[in-house]
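Worksheet: one structure, shown below.
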Amino acid sequence: MKILIIEDEIALLQTMEEFLRAENFLIETANDYPSGLEKAMNYAYDCILLDIMLPGGSGLSILKALKEEHRKQPVLILSAKDAVEDKVLGLEIGADDYLAKPFHLAELLARIKAIIRRNAQQGESMLQYKNIQIDPDNRQVIVGETEINFNRKEYDLFYYFMLRPNKLMEKTSLIESVWGDHTDQADNLDFIYSQIKNIRKKLRDAAAEVDIQAVYGVGYKLV
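Just so it is clear: in the sequence shown, position 64 is 64 by full-length UniProt numbering, and no numbers are missing.
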């Protein structure tokens, strides 16, 4: 499970990150509006923890952008602003829950698990591009009547591509999409190449009408 924390209070950000990593979540972080918006809009997460007051902009603007793009990532608002109107506005825009600071980490964990559970029960829509489909609920990749047997990392990478067909993905973005922020980029670049090579072979063997195209020196895109 991968969580994005968008929070400008560095001490709180680090506390939440350490606590949630200990609970076996994969964590990515942002501490201002521009970096938070970029990650929220370009990567897939099981839950986003979103502060309202951010350097450079409002967390509610990030929430609005997600909803306008019909992104289904659940959002838990974290804010010291405990006014009723802020709660109402955040929930009306589309937040899944609202937790006022200060809070206990145990309550934060319970809220995150509840949000993820509700989202899983609602189910995700099938993804389709050309003749290939992904069933996110069952982690299945299907071409016609044939299911492609991807391992976990291959599936995570291909799912990331399927969310953004025809969009160029930098290698570092692909690494972060599977391993999170705290990865050894150099060690994983070769692994990314190997995984994509395996994915392409399995797509060809299944007669998929899609391919992963390399853009020299930059990254890859699904075409």
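We put the CB at the ideal spot given by N, CA and C, even for glycine.
Because the structure is a prediction, the values reported are computed rather than measured.
* Cα separation between N166 and A44? -> For the purposes of this step, residue 166 is taken as residue 166 along the sequence shown, with counting starting at 1. For the purposes of this step, residue 44 is taken as residue 44 along the sequence shown, with counting starting at 1. The alpha-carbon atoms of N166 and A44 are separated by roughly 17 Å.
* To do: Confirm, please, whether the CB-CB distance from L54 to D32 is below 8 Å.
  => As a working note, residue 32 is residue 32 in the sequence shown. As a working note, residue 54 is residue 54 in the sequence shown. In contact: D32 and L54 (Cβ atoms closer than 8 Å).
* **Where D51 falls: helix, strand or coil (DSSP)** => Sequence index remark: in the sequence shown, residue 51 carries index 51 (1-based). Correct three-state label for D51: strand.
* Which value, in whole angstroms, describes the spacing of the CA atoms of K221 and L168? -> For the purposes of this step, residue 221 is identified with residue 221 of the sequence shown, where counting begins at 1. For the purposes of this step, residue 168 is identified with residue 168 of the sequence shown, where counting begins at 1. Each residue's Cα considered, the two are about 5 Å apart.
* Asked: Going by beta carbon distance, what residues of the same chain come within less than 8 Å of M162, once the five residues before and after it are set aside?
  -> The sequence position of residue 162 within the sequence shown is 162, counting from 1. Excluding residues within five positions, the ones whose Cβ falls inside 8 Å are L127, Y129, I132, I134, L222.
* Of all the alpha helix (DSSP H) runs that stay within the bounds of the segment 125-213, which reach a length of 4 or more residues? -> 152-162, 171-179, 185-205
* Mind checking S79: buried by the 16 CB within 10 Å criterion, or exposed? -> Numbered from 1 along the sequence shown, position 79 holds the residue referred to as residue 79. Looking at its Cβ environment, which holds 16 or more other Cβ atoms inside 10 Å, S79 is buried.
* To do: Note down the Cα distance separating Q73 from V88, rounded to an integer number of angstroms.
  => The count along the sequence shown starts at 1 and reaches residue 73 at position 73. The count along the sequence shown starts at 1 and reaches residue 88 at position 88. Each residue's Cα considered, the two are about 19 Å apart.
* To do: Would you mind working out which of E7, K64, N119, S194 sits nearest L93, comparing C-alpha positions?
  => Stepping through the sequence shown from its first residue, residue 93 is reached at position 93. The residue asked about is misnamed: residue 93 is Ile in this sequence, not Leu. Among E7, K64, N119, S194, the Cα nearest to that of I93 belongs to K64.
* Residues near D8 in its chain [Cβ-Cβ closer than 8 Å; skip 5 each side] -> Indexing the sequence shown from 1 puts residue 8 at position 8. Excluding positions up to five away in sequence, the list reads N31, D32, D51, M53, L54, P55.
* To do: Look up Y98 in the DSSP assignment and say whether it is helix, strand or coil.
  => Position 98 of the sequence shown holds residue 98. It is a strand residue.
* Between which two residues does the alpha helix (DSSP H) carrying K64 extend? -> In the sequence shown, counting from the first residue as 1, residue 64 sits at position 64. 59-68 is the extent of the alpha helix (DSSP H) around K64.
* **Continuous alpha helix (DSSP H) stretch holding K221: start and end** => Counting from 1 along the sequence shown, the entry for residue 221 is found at position 221. Where K221 is concerned, there is no enclosing alpha helix (DSSP H), although the beta strand (DSSP E) it sits in stretches over 219-222.
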